[in-house]
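When the sequence shown is numbered by this note's numbering, its final residue is 578 and no position is left out of the sequence of numbers. The beta-carbon is built from N, C-alpha and C at its ideal position, and this holds for glycine as well. Beneath this line is the structure, given in structure tokens, with notes to follow.
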Amino acid sequence: MKSKPLPADPMIRQLIRQAQKAQLGRRTLLAGAGAGATALALAACSTGAAAKPTAAADTSATDKTIRWDNWALYIDVDDAGNYPTLDAFKAQTGISVKYTEAVDDNNSYYGKVKDQLALGQDIGADVACLTDWMVSRMIRFGYTQELDHANIPNLSNLLPSLQNVDFDPGRAMSIPWQGGFAGLAWNKEKYPQGLKSVEDLWVPELKGRVGVLSEMRDTMGLIMLDHGVDISGKWGENEYTAAIDEFKKQVSDGQIRNIKGNSYKEDLANEDTLAAIVWSGDIVQLNAENGDKWGFIVPEKGGTLWNDNFVVPIGSPGKKNVEELINYYYDPAVAAEVAAYVNYITPVAGAKEAMMAIDPTLAEDPLIFPDDATLANAYVFRGLDGTEEQTFNAQFQAILLGAA
């Protein structure tokens, strides 16, 4: 496998190349307040200026199928490669599900479907699970359908802390699937001294063997936290620029080998990378599949906390079917079954009690059912306005393109 990041958002890629053709230097491009970055931000923000598309007619009554796009290692799978909870859902409802691991990171997925979304077209998925900030963007542009809570009675089991969020009050457009932490992992056989902080990734012994995530908020969030910035509080361009400078240095010096989405797991497994910024549940699963080879911590100065959410794309004709699917997964017994496999944070109240019948050890795992101490060291990357999102993301994507 070539050591290169996955393609960035095509929109950002095109804008950056246009800026380069206009002889804007990389230094100008990376300056948050520079004219180049401002132009990129304004151009990218224009995506949401057009009239919002209209939701597709619902054919759920006659077409009992769902197409579900999700991340890798994000649902229960048995030894034969079947999905037990999906099989049970079909037996219970008569609705079949085509499940696809189509999401590697939010930007690359969005880049593939944004033009169809803008036109209100079917993107080939009736439901996708995407991260809070991407869901916020899609809601803002009118790319998601409003959910009928009357079809989701089990939504009463949604944890109170997740029932109202700033990007979707009352959960009209999105419902959490799983949550988790971004933290640090290392190969315990090859690097037994382990890690305690992001700064530990930059030691000479790990040069060229470090991986980071292509999700800007996780990689930059951990670097900013390491710099002493409360990423959920008040911060601005100066704090972000300091973190970008750190990131750029580690990439250009060759300390960071790979910048990837969900496929970073393969680099850990084949030992291309010995230490990385990672997502919590993936490491539990890698250890289960390969032996207890990797350690994981939320860094001393904090990790990021996020949720991925069910959304129905504007062109999907299967919204009511999806509402049945969501209702099924909000049964605490089903939520516990999924959590026992994926090892991420379940948003379903009552799942911890149900987990006791499956695996009491997992019921006490703070990475699945976080205690107050674990949550106290986890931070949600604050919401960005449209200009900030495009400016900061353009800076991050420019480094990814330079590393490709």
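Quiz item: Just curious, the alpha helix (DSSP H) that I430 is in, first and last residue?
Solution: Along the sequence shown, one-based indexing puts residue 430 at 256. Counting along the chain, I430 falls outside any alpha helix (DSSP H), though it belongs to the beta strand (DSSP E) covering 430-434.
Self-check item: Rounded distance between the beta-carbons of A552 and G477, thought under 8 Å
Solution: Here residue 477 is taken as the residue at index 303 of the sequence shown, counted from 1. Here residue 552 is taken as the residue at index 378 of the sequence shown, counted from 1. Yes, they are in contact, since the Cβ atoms of G477 and A552 sit about 5 Å apart, within 8 Å.
Self-check item: Residue nearest to P491 in terms of C-alpha spacing, selected from N281, S270, G298
Solution: Here residue 491 is taken as the residue at index 317 of the sequence shown, counted from 1. Comparing Cα positions, the closest option is G298.
Quiz item: So what does DSSP say about W376, is it helix, strand or coil?
Solution: For this step, residue 376 is matched to residue 202 along the sequence shown. Residue state, collapsed to three classes: helix.
Quiz item: DSSP three-state call for T233: helix, strand or coil?
Solution: On the sequence shown, position 59 is the one that residue 233 refers to. Reduced to three states, the DSSP call for T233 is coil.
Quiz prompt | With 16 other Cβ atoms within 10 Å as the buried cut-off, status of E163 | solution = Lying before the first or after the last residue shown, residue 163 is absent from the chain, which here runs from 175 to 578.
Quiz item: Whose CA, out of V458, V425, G576, Q337, lies closest to the CA of F355?
Solution: Walking along the sequence shown from the start, residue 355 turns up at place 181. Checked all of V458, V425, G576, Q337; the closest Cα to F355 is V458.
Practice problem: Specify whether the stretch 440-460 and the stretch 311-325 touch according to this definition: at least 3 beta carbon pairs, one from each stretch, less than 8 Å apart. | Solution: no
Quiz item: Given a threshold of 16 other Cβ atoms within 10 Å of its Cβ, counted over all protein chains shown, does N464 qualify as buried or as exposed?
Solution: Translated into positions along the sequence shown, residue 464 becomes position 290. With fewer than 16 other Cβ atoms within 10 Å, it is exposed.
Self-check item: Contiguous alpha helix (DSSP H) assignments of at least 4 residues, all confined to the stretch 295-350
Solution: 306-315
Quiz item: Cα separation between D419 and A513?
Solution: To locate residue 419, count along the sequence shown from 1; it is residue 245. To locate residue 513, count along the sequence shown from 1; it is residue 339. The straight-line gap from Cα to Cα measures roughly 37 Å.
Quiz item: Beta-carbon separation of I451 and L358 under 8 Å?
Solution: Residue 451 sits at position 277 when you count from the first residue of the sequence shown. Residue 358 sits at position 184 when you count from the first residue of the sequence shown. In contact: I451 and L358 (Cβ atoms closer than 8 Å).
Self-check item: Boundaries (first-last residue) of the alpha helix (DSSP H) holding R391
Solution: The residue labelled residue 391 in the question sits at position 217 within the sequence shown. Taken as a continuous stretch (DSSP letters only), the alpha helix (DSSP H) holding R391 covers 390-400.
Quiz item: DSSP three-state call for A246: helix, strand or coil?
Solution: If you number the sequence shown from 1, residue 246 lands on position 72. Of the three classes helix, strand and coil, the one that applies to A246 here is coil, per DSSP.
Exercise. Please classify D243: is it buried, with 16 or more other beta-carbons within 10 angstroms of its beta-carbon, or exposed?
Key: Taking the first residue of the sequence shown as position 1, residue 243 is located at position 69. Per the 10 Å Cβ criterion, buried.
Quiz prompt | Nearest candidate by alpha-carbon position, reference D278, set V472, V377, I433, Y365 | solution = As a position in the sequence shown, residue 278 is number 104, starting the count at 1. Of the candidates V472, V377, I433, Y365, the one whose C-alpha sits nearest the C-alpha of D278 is I433.
Quiz item: Based on the DSSP output, what are the partners of R556 in its beta bridges?
Solution: As a first step, residue 556 must be located in the sequence shown, where it is residue number 382. DSSP, once it has assigned bridges, lists no residue as partnering R556.
Quiz item: Looking at the structure shown, is F570 part of a helix, part of a strand, or coil, going by DSSP?
Solution: The residue labelled residue 570 in the question sits at position 396 within the sequence shown. Correct three-state label for F570: helix.
Exercise. Please list, in chain order, all residues of the same chain as G576 whose beta carbon is under 6 Å from its beta carbon, the five residues on each side excluded.
Key: Here the question's residue 576 lines up with position 402 in the sequence shown. Excluding sequence neighbours, G576 sits near nothing in its chain.
Quiz item: Of the residues A254, T561, T259, which one's Cα is nearest the Cα of I269?
Solution: Locating residue 269 in the sequence shown gives position 95, counting from the first residue. When only C-alpha atoms are compared, the closest one is T259.
Quiz prompt | G382 versus W360, D250, R431, S406, residue with shortest Cα-Cα distance | solution = Position 208 of the sequence shown, counted from the start, is the residue given in the question as residue 382. The shortest C-alpha separation from G382 is found at R431.
Quiz item: Between A207 and L396, what straight-line distance do the alpha-carbon atoms span, to the nearest angstrom?
Solution: For the purposes of this step, residue 207 is identified with residue 33 of the sequence shown, where counting begins at 1. For the purposes of this step, residue 396 is identified with residue 222 of the sequence shown, where counting begins at 1. Confidence is the limiting factor: at A207 the pLDDT is only 33, short of 50, which leaves the residue's position unreliable, though a coordinate-based value still follows. About 23 Å.
Quiz item: Which one or two residues does DSSP pair with D482 in a beta bridge?
Solution: Indexing the sequence shown from 1 puts residue 482 at position 308. Beta-bridge pairing links D482 to T305, Q352.
Practice problem: Would you give the residue range spanned by the alpha helix (DSSP H) that K494 belongs to? | Solution: Locating residue 494 in the sequence shown gives position 320, counting from the first residue. K494 -> alpha helix (DSSP H) spans 493-503.
Quiz item: Is P521 helix, strand or coil when you go by DSSP?
Solution: Walking along the sequence shown from the start, residue 521 turns up at place 347. P521 falls in the coil class under three-state DSSP.
Quiz item: Looking only at DSSP bridge pairs, what is I451 linked to?
Solution: Looking up residue 451 in the sequence shown gives position 277. Per DSSP, L358.
Quiz item: Hey, how far is the Cα of Q197 from the Cα of A265?
Solution: Position 23 of the sequence shown, counting from 1, holds the residue named residue 197. Position 91 of the sequence shown, counting from 1, holds the residue named residue 265. Confidence is the limiting factor: at Q197 the pLDDT is only 29, short of 50, which leaves the residue's position unreliable, though a coordinate-based value still follows. Approximately 60 Å between the Cα atoms of the pair.
Quiz prompt | Environment of R201 [buried if 16+ CB atoms lie within 10 Å] | solution = Working through the sequence shown from its first residue, we reach residue 201 at position 27. Note that R201 has pLDDT 26, beneath the 50 cutoff, so the model's placement of it is unreliable and the number below is only indicative. So R201 ends up on the exposed side.
Exercise. In the DSSP assignment, find the unbroken alpha helix (DSSP H) run with I269 in it and report its ends.
Key: Translated into positions along the sequence shown, residue 269 becomes position 95. Taken as a continuous stretch (DSSP letters only), I269 belongs to no alpha helix (DSSP H), as it is neither H nor E.
Practice problem: Determine the DSSP secondary structure at V251, reduced to helix, strand or coil. | Solution: Taking the sequence shown and counting its residues from 1, the one referred to as residue 251 is at position 77. In the structure shown, V251 sits in coil (DSSP, three-state: anything other than H, G, I, E or B).
Practice problem: Determine the extent of the alpha helix (DSSP H) in which I471 is found, giving its start and end residues. | Solution: Working through the sequence shown from its first residue, we reach residue 471 at position 297. Looking at the DSSP string, I471 is not in any alpha helix (DSSP H); the run it does join, the beta strand (DSSP E), is 468-471.
Quiz item: Between V496 and M390, what straight-line distance do the alpha-carbon atoms span, to the nearest angstrom?
Solution: As a working mapping, residue 496 is identified with position 322 in the sequence shown. As a working mapping, residue 390 is identified with position 216 in the sequence shown. In a straight line, the C-alpha of V496 is about 29 Å away from that of M390.
Quiz item: Which residue comes first and which comes last in the alpha helix (DSSP H) that contains L442?
Solution: If you number the sequence shown from 1, residue 442 lands on position 268. L442 -> alpha helix (DSSP H) spans 438-443.
Exercise. Can you give me the start and stop residues for the beta strand (DSSP E) that V403 sits inside?
Key: What you label residue 403 is simply residue 229 of the sequence shown in a count that begins at 1. First-last for V403: undefined, no H or E at that position.
Quiz item: Secondary structure at L387, three-state DSSP: helix, strand or coil?
Solution: Here the question's residue 387 lines up with position 213 in the sequence shown. Strand, per DSSP.
Quiz item: Rounded to the nearest angstrom, how far is the Cβ of T318 from that of V485, given a contact under 8 Å?
Solution: The sequence position of residue 318 within the sequence shown is 144, counting from 1. The sequence position of residue 485 within the sequence shown is 311, counting from 1. Yes, T318 and V485 are in contact; Cβ-Cβ is about 5 Å, under 8 Å.
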